[in-house]
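Counted the way UniProt numbering counts, the sequence shown spans residues 1 to 332.
Note that the Cβ used here is the ideal one computed from N, Cα and C, for glycine as well.
Being a predicted model, the structure only gives us computed values, none of them experimental.
Here's the structure, in structure tokens; my notes come after.
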Amino acid sequence: MEPDPVDRLLLDELGDLPDGRIAVVDDDTGALAGALRDLAGERVMAHSTSLLAERRVAATSVPTVPELGGALTGAALVVLRLPASLDALDEVARTAALLGTPDVRIVAGARVKHMTPSMNDVLGVSFEQVRASLGRQKSRVLHAADPRPVEQVWPRRRHHDDLDLTVHAHGAAFAGTRIDAGTRLLLGQLDRLADTDGTVVDLGCGTGVLAAVLARRFVDVVAIDVSAAAVASARLTTAGRVDVRRSDGLSELADASVATVVSNPPFHVGTAKDSTPTLRMIADARRVLVPGGELVLVYNAHLPYLPRLREVGPTEILARDRSYLVTRTVRA
Numbered sequence: 001m002e003p004d005p006v007d008r009l010l011l012d013e014l015g016d017l018p019d020g021r022i023a024v025v026d027d028d029t030g031a032l033a034g035a036l037r038d039l040a041g042e043r044v045m046a047h048s049t050s051l052l053a054e055r056r057v058a059a060t061s062v063p064t065v066p067e068l069g070g071a072l073t074g075a076a077l078v079v080l081r082l083p084a085s086l087d088a089l090d091e092v093a094r095t096a097a098l099l100g101t102p103d104v105r106i107v108a109g110a111r112v113k114h115m116t117p118s119m120n121d122v123l124g125v126s127f128e129q130v131r132a133s134l135g136r137q138k139s140r141v142l143h144a145a146d147p148r149p150v151e152q153v154w155p156r157r158r159h160h161d162d163l164d165l166t167v168h169a170h171g172a173a174f175a176g177t178r179i180d181a182g183t184r185l186l187l188g189q190l191d192r193l194a195d196t197d198g199t200v201v202d203l204g205c206g207t208g209v210l211a212a213v214l215a216r217r218f219v220d221v222v223a224i225d226v227s228a229a230a231v232a233s234a235r236l237t238t239a240g241r242v243d244v245r246r247s248d249g250l251s252e253l254a255d256a257s258v259a260t261v262v263s264n265p266p267f268h269v270g271t272a273k274d275s276t277p278t279l280r281m282i283a284d285a286r287r288v289l290v291p292g293g294e295l296v297l298v299y300n301a302h303l304p305y306l307p308r309l310r311e312v313g314p315t316e317i318l319a320r321d322r323s324y325l326v327t328r329t330v331r332a
């Protein structure tokens with residue numbers, strides 16, 4: 001894939017390349033990492049929050065590292081596609097300042113419509129010098145240099161007394177240490193799940209809240225997410241009581257191998273709304289569920305999932321509020 005306008009501006013704004021390691025963070029297509037490999041060869045490595053993005057980067061022959069800290073350790077230059085989340089940006093900036101070389105710098109870019117002045121402020125916590133490039137093709141780059149002696153605050157944690165659960169969260173994990181409204185609505189329905197000794201899957205597990213609660217009742221709980229930040233967070237939240245996997249949905253599970261799938265699926269991919277992954281997951285649930293197995297979802301009430309769920313099997317609404325539905329589908 002060819003570099004897009006953000007990639008091209010990032011490449012033009014790099015300045016003199018250092019002799020040391022160059023880390024590419026959250027390149028979604030592999031075009032940026034591939035272009036940097038052509039410029040700097042084996043000095044380039046990459047980290048992608050998304051497993052799908054990681055695979056696209058790996059296809060360019062740039063080495064990938066699943067842990068952010070591993071990619072940024074010893075880095076002299078960090079080239080970043082700016083994340084939508086300020087917490088995700090803060091973790092990248094702090095980690096670079098702490099683990100990079102003493103003269104590490106960050107060059108970070110995005111479409112102007114997705115940038116805010118707060119991004120400059122976040123970078124300024126970890127770096128003395130922060131400046132913005134001129135805009136080009138509706139894109140802009142932020143430069144951060146001269147790292148400060150900051151404290152590493154990631155992952156964060158918060159104890160929720162009502163659940164007797166401590167939630168851990170890396171910066172890029174959805175909802176952070178909060179428990180979002182959809183998850184809370186779904187938590188209130190978990191006692192209605194059928195008893196089973198089979199595998200119970202929390203798909204799109206995020207920080208692992210649902211999986212941790214499910215593990216109090218079920219003996220074989222698997223938590224799955226495509227996000228490296230989510231998986232690292234969920235492993236801390238579930239404290240070894242759950243099999244947490246980084247995977248592309250249900251793709252690595254065998255046919256008719258799962259008793260129950262529970263999910264609060266995302267409807268954003270980056271800054272764009274996208275129901276495609278959830279619709280694909282619903283179709284794949286039919287494959288992995290045993291006959292009579294349950295698929296229990298919470299999702300925004302306006303999303304068009306009910307017709308697809310009824311293709312899997314009989315579907316009922318377990319709970320609803322002004323924003324969300326919780327549905328249960330029994331595999332036909």
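Might you give, ordered along the chain, the residues of its own chain that have their beta carbon closer than 7 Å to the beta carbon of residue i, omitting 5 neighbours on each side?
| i | result |
| --- | --- |
| D60 | Correcting the residue identity first, residue 60 is Thr in this sequence and not Asp. Excluding sequence neighbours, T60 sits near G30, A33, G34, R37. |
| L10 | L32, V79, V107, G109, V141 |
| D162 | none |
| A58 | T64 |
| L98 | V150, Q152 |
| R287 | D255 |
Confirm, please, whether the CB-CB distance from residue j to residue i is below 8 Å.
| i | j | result |
| --- | --- | --- |
| D225 | R246 | yes |
| L108 | P18 | The sequence given here has Ala at residue 108, not Leu. No, they are not a contact pair. |
| residue 414 | G313 | Nothing can be reported for residue 414: it is not among the residues displayed for the chain, which extend from 1 to 332. |
| I293 | A254 | Looking at the sequence shown, residue 293 is not Ile but Gly. No, these two residues do not count as a Cβ contact at 8 Å. |
| T64 | A84 | no |
| V261 | A285 | yes |
| A169 | S233 | yes |
| R331 | L289 | yes |
| T199 | V222 | yes |
| A215 | T238 | yes |
| A301 | L325 | yes |
| A172 | S118 | no |
| R157 | H143 | no |
| S323 | L303 | no |
| V44 | V62 | yes |
| L72 | A96 | yes |
| G182 | V6 | no |
| D90 | V122 | yes |
| S133 | E13 | yes |
| T49 | A283 | no |
| G74 | T101 | yes |
| L187 | V213 | yes |
Tell me, to the nearest whole angstrom, how far the beta carbon of residue i is from that of residue j; I am working on the premise that it is less than 8 Å.
| i | j | result |
| --- | --- | --- |
| residue 339 | S126 | Any property of residue 339 remains undetermined from this structure, which presents the chain solely from 1 to 332. |
| R105 | D27 | That pair is no contact at about 18 Å. |
| D220 | A211 | About 11 Å separates the two Cβ atoms, so there is no contact after all. |
Grab me the residues of residue i's own chain with a C-beta within less than 6 Å of its C-beta, minus the 5 sequence neighbours each way, in chain order.
| i | result |
| --- | --- |
| V269 | Any reading at V269 needs caution, since the residue's pLDDT is 49, under 50, leaving its predicted position unreliable; the model's value is listed next. Correct list: empty, nothing qualifies. |
| A40 | L17, I22 |
| G124 | V130 |
| F218 | V200 |
| R235 | V244 |
| L68 | H47, T95 |
| V296 | V262, R328 |
| R136 | L9 |
| A93 | L123, S126 |
| E54 | S48, T64 |
| G15 | none |
| R56 | T29, G30 |
Using a Cβ-based criterion (distance less than 7 Å to any ligand heavy atom), does residue i qualify as near the ligand PLP?
| i | result |
| --- | --- |
| I106 | This structure lacks the ligand PLP; in fact it carries no ligand of any kind. |
Whose C-beta lies closer than 8 Å to the C-beta of residue i among residues of the same chain, with five residues either side of it excluded?
| i | result |
| --- | --- |
| T166 | R157, R158, H159, H160, T237 |
| P291 | A256, R331, A332 |
| residue 333 | Because the chain spans 1 through 332 in this model, residue 333 falls outside it and cannot be assessed. |
| E2 | A31 |
| A272 | Because the pLDDT of A272 is 49, which lies under 50, any placement of that residue in the model is unreliable, and the number read from its coordinates should be weighed accordingly. If we look at A272 and ignore the five residues flanking it on each side, it has no Cβ neighbours. |
| T196 | F218, A259, T260 |
| R308 | L279, I282, A283 |
| L51 | V226, S227, A228, R246, S247, D248 |
When the cut-off is 8 Å and only beta carbons count, does residue i lie next to chain B?
| i | result |
| --- | --- |
| R158 | Note that chain B does not occur in the displayed structure, where there is just one protein chain. |
| Minimum length 4: unbroken alpha helix (DSSP H) runs contained in the UniProt domain "RlmG N-terminal" (7 to 145) | 31 to 40, 51 to 58, 68 to 72, 86 to 99, 117 to 126
| field | beta strand (DSSP E) runs contained entirely in the region 139 to 206, provided each spans 3 or more residues | value | 139 to 147, 156 to 160, 165 to 169, 200 to 203
| query | Just checking, does the region 205 to 212 make contact with the region 174 to 181 on the three C-beta pairs under 8 Å criterion? | reply | yes
| field | the region 313 to 329 in contact with the region 188 to 200 per 3-pair CB rule at 8 Å | value | yes
| task | Any chance you could list the alpha helix (DSSP H) runs of at least 4 consecutive residues sitting entirely within the region 210 to 269, in chain order? | result | 228 to 238
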